[in-house]
Amino acid sequence: MLSNEQELARRTRRAFLALGGGAVAGMAGLGWLSAGPITEGDIPPNFRKVLGLNESVVRSALYSNNNLAPTFPASAIGKLKPNGEEGLEDELVAADWRLEIKPYGSAGVTQKLAIGDIKTLPLHDETIEFKCVEGWSTVTRFAGARLSDFTAKFCAGSERAVCIGMNTPDGVYYVSVDMPSALHPQTLLAWEMNGEPLTEEHGAPLRLVIPVKYGIKNIKRIGRIEYTDTRPKDYWEERGYDWYAGL
Ligand SMILES: Nc1nc2c(c(=O)[nH]1)N[C@H]1C(S)=C(S)[C@@H](COP(=O)(O)O)O[C@H]1N2
Ligand SMILES: [Mo]
-19 MLSNEQELAR RTRRAFLALG GGAVAGMAGL GWLSAGPITE GDIPPNFRKV LGLNESVVRS
41 ALYSNNNLAP TFPASAIGKL KPNGEEGLED ELVAADWRLE IKPYGSAGVT QKLAIGDIKT
101 LPLHDETIEF KCVEGWSTVT RFAGARLSDF TAKFCAGSER AVCIGMNTPD GVYYVSVDMP
161 SALHPQTLLA WEMNGEPLTE EHGAPLRLVI PVKYGIKNIK RIGRIEYTDT RPKDYWEERG
221 YDWYAGL
């Protein structure tokens, strides 16, 4: 048995070896981030500058190396309870909903997409464990578009950003997520849950599903997405929770 410390050291080494090896090719789009020398036990300077915490950097490196969250058979699906209604108060008029996007480096919102635009992206389906920081979890199936595919199609070049910020149309709920986790292959902009269209209480018409993070980051009813090189504000970080919120 490895002690916790030994295990962390092993994971840390693995993360940075991965960064120095095959993952570098995958991160070619993140040129700015990987600009510094990457050696075992060192932290890329630009990551360090923006994300701040060493642990965050280690975990980002792990996720960017395609480490997948566990998936489950349909028989394991439970009943996900609706939790958190911040930003869902206004009446949703589905036909009027638009997603505003501000690509990396642009001066303002440059596009407003309708749900039909987003549904042109390849559909991905995953059955994952959805975990709330309150201590409960529920195996749930979600389907939608990979945020990485969305970024490539609608915000090409924004892969170079450091963070992504999202908020509800009324601005009441908002999250920010490090780019490696945002571009993780299991991170979805979802419009289906357990084989049905997403209901309003679960975030219709479009929510974030990010299985490498706790529920707090899985924002419902997204109204705006921005790609930044700073850390956009985060609702639960402001209330004392760990910003990274990784599992
Ligand atoms: N807009 C919005 N999204 C949100 C929240 C919220 O209050 N408002 N709560 C978060 C929290 S704490 C959790 S655990 C999950 C719950 O998702 P669910 O309601 O689909 O179970 O949504 C997250 N996304
Ligand atoms: Mo939560």
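Counting from -19, one number per residue, gives the positions in the sequence shown under the numbering used here.
We put the beta carbon where it would ideally sit given N, CA and C, even for glycine.
As the structure is a prediction and not an experimental result, all values here were calculated from the model.
Self-check item: Three-state class that DSSP yields for I199 in the structure shown
Solution: coil
Quiz item: So L127 is in the beta strand (DSSP E); what residue range does that whole segment cover?
Solution: Counting along the chain, L127 falls outside any beta strand (DSSP E), though it belongs to the alpha helix (DSSP H) covering 127 to 134.
Quiz prompt | Helix, strand or coil at A74 according to DSSP, with G and I counted as helix | solution = helix
Quiz item: Around the C-beta of I196, are 16 or more other C-beta atoms found within 10 angstroms, so that it is buried, or is it exposed?
Solution: buried
Quiz item: With C-beta atoms as the reference, is G64 less than 8 Å away from T148?
Solution: no
Quiz prompt | Buried versus exposed, by CB contacts within 10 Å (16 or more), A94 | solution = exposed
Practice problem: Indicate the three-state DSSP secondary structure (helix, strand or coil) for S(-17) in the structure shown. | Solution: Its pLDDT being 49, under 50, S(-17) is placed unreliably by the model, and nothing is read from it.
Quiz item: Does the beta carbon of E139 sit closer than 8 Å to a beta carbon anywhere in chain D?
Solution: Of the chains in the structure shown, none is chain D; there is only one protein chain.
Exercise. To the nearest angstrom, report how far apart Y207 and S86 are at their CA atoms.
Key: 9 Å
Quiz prompt | C-alpha gap between I98 and P62, whole angstroms | solution = 24 Å
Practice problem: With a 10 Å radius around its C-beta and 16 neighbouring C-beta atoms as the bar for buried, classify D105 as buried or exposed. | Solution: exposed
Quiz item: So, is S156 buried or exposed, given that buried needs 16 or more other C-beta atoms within 10 angstroms?
Solution: buried
Practice problem: Answer yes or no: the CB of N63 versus the heavy atoms of ligand 2, is any distance below 7 Å? | Solution: yes
Quiz item: How should M7 be labelled, buried or exposed, when 16 other C-beta atoms within 10 angstroms of its C-beta is the threshold for buried?
Solution: The predicted position of M7 is uncertain, since its pLDDT is 39 and thus under 50; a value taken from the coordinates is nonetheless stated next. So M7 counts as buried.
Quiz item: Is DSSP giving H182 helix, strand or coil here?
Solution: helix
Quiz prompt | Inter-stretch contact at 8 Å, needing at least 3 Cβ pairs: the segment 131 to 148 / the segment 71 to 83 | solution = yes
Quiz item: Thinking just about the alpha-carbon of each residue, which of G115, V113, A184 is nearest to the one in E71?
Solution: A184
Quiz item: Opposite P83 in the DSSP bridges: which residues?
Solution: For P83, which the question treats as bridged, DSSP gives no partner whatsoever.
Quiz item: Is there at least one non-hydrogen atom of ligand 2 closer than 7 Å to the beta-carbon of C135?
Solution: no
Quiz prompt | Environment of L168 [buried if 16+ CB atoms lie within 10 Å] | solution = buried
Practice problem: Look at the alpha carbon of V119 and the alpha carbon of P191, and state the distance between them as a whole number of angstroms. | Solution: 11 Å
Quiz item: Quick one, are the C-beta atoms of M146 and L188 less than 8 Å apart?
Solution: yes
Exercise. Given a cut-off of 8 Å, decide if L163 and V170 are closer than it, judged by their beta-carbon atoms.
Key: The question names Val, but residue 170 is Ala in the sequence shown. No, they are not a contact pair.
Self-check item: Bounding residues of the alpha helix (DSSP H) (the contiguous stretch that carries A162)
Solution: 159 to 162
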